[in-house]
Amino acid sequence: MTTFLYPLLIFFNLLFNDYPLLEGKWKLESYGAFYSIINSKRFQSEPQDRQEIMTESMQFALDNTFYEFKKDSVFFTDAGANIIKHKKGRWLVLNDTLTILESGKIKAHRFYIVELEEETLKMKMVDKNGGVGKSELVFTKID
């Protein structure tokens, strides 16, 4: 993403941001894909030690995934494989779709907002073709 687009993004965010409920810090509480994996026949056929490793990895991601929205900035973690990466970027919401432009990256992260209330945020990932994923990410506001 070229730096000249950031002022444009900030302008549109200030102009169209009617999502003040999104501002604050959010913790990932559940992710539907994890439940699908745990309940799959393939997972059930894995040896017990492998199941425990996979379950611990999923729990690590849940325990360490946070998004903090401040005005036009977002600070978030990418947690997986027992590694936490701290990231930042810019965000905006248009037509119930949250777009996060990660600093230093060209690819945008997009999420369809299923529900946004004072203490709950439910989203689904949007792929590069605009398709909405099946699994829901459920966040709880912690700040």
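In the working numbering, the protein residues as written are -13 to 129.
Cβ atoms here follow ideal geometry from the backbone N, Cα and C, with glycine treated the same way.
Note that this is a predicted model, so its numbers are computed, not measured.
Query raised in the report: Between the C-alpha atoms of Tyr17 and Gly75, what's the straight-line distance to the nearest angstrom?
Result: One-based indexing of the sequence shown puts residue 17 at position 31. One-based indexing of the sequence shown puts residue 75 at position 89. When rounded, the distance between both Cα atoms is 22 Å.
Query raised in the report: Cβ atoms of Phe46 and Gln37: under 8 Å apart, would you say?
Result: In the sequence shown, the residue the question calls residue 37 occupies position 51. In the sequence shown, the residue the question calls residue 46 occupies position 60. Not closer than 8 Å, so no.
**Report entry** Exposed unless 16 or more other CB atoms sit within 10 angstroms - verdict on Ile86
**Finding:** Position 100 of the sequence shown, counted from the start, is the residue given in the question as residue 86. The residue is buried, with at least 16 neighbouring Cβ atoms inside 10 Å.
Requested in this report: Assign Leu80 to buried or exposed, taking buried as 16 or more other Cβ atoms, counted over all protein chains shown, within 10 Å of its Cβ.
Outcome: Along the sequence shown, one-based indexing puts residue 80 at 94. Exposed is the call here.
Requested in this report: Quick one: residues in its chain with C-beta nearer than 8 Å to the C-beta of Ile69, no 5 flanking neighbours on either side, listed in chain order?
Outcome: Residue numbering aside, residue 69 sits at position 83 when the sequence shown is read from its first letter. There are no such residues.
Query raised in the report: Hey, how far is the Cα of Ile147 from the Cα of Pro33?
Result: The requested residue 147 is not part of the displayed model; the chain covers only -13 to 129.
**Report entry** Span of the beta strand (DSSP E), counted from its first residue to its last, around Ser59
**Finding:** By one-based count along the sequence shown, residue 59 stands at place 73. Annotation: the continuous beta strand (DSSP E) that includes Ser59 extends over 59 to 66.
Report task. Could you tell me which residues DSSP puts in a beta bridge with Gly116? Result -> Position 130 of the sequence shown, counting from 1, holds the residue named residue 116. According to DSSP, Gly116 bridges with nothing at all.
Query - CA nearest to the CA of His95, picked from Lys11, Glu9, Thr63 - result: Indexing the sequence shown from 1 puts residue 95 at position 109. Comparing Cα-Cα distances from His95 to each of Lys11, Glu9, Thr63, the minimum goes to Thr63.
Query raised in the report: Buried or exposed: Thr(-12), going by 16 or more other Cβ atoms within 10 Å of its Cβ?
Result: What you label residue -12 is simply residue 2 of the sequence shown in a count that begins at 1. For Thr(-12), the predicted model reports a pLDDT of 48, less than 50, meaning its position is unreliable and no value from the coordinates is stated.
Query raised in the report: Can Ser43 and Ala67 be called in contact, C-beta distance under 8 Å?
Result: For the purposes of this step, residue 43 is identified with residue 57 of the sequence shown, where counting begins at 1. For the purposes of this step, residue 67 is identified with residue 81 of the sequence shown, where counting begins at 1. Yes, they are a contact pair.
Query raised in the report: What separation, rounded to the nearest whole angstrom, lies between the Cα atoms of Lys56 and Leu78?
Result: To locate residue 56, count along the sequence shown from 1; it is residue 70. To locate residue 78, count along the sequence shown from 1; it is residue 92. Their Cα atoms are separated by approximately 11 Å.
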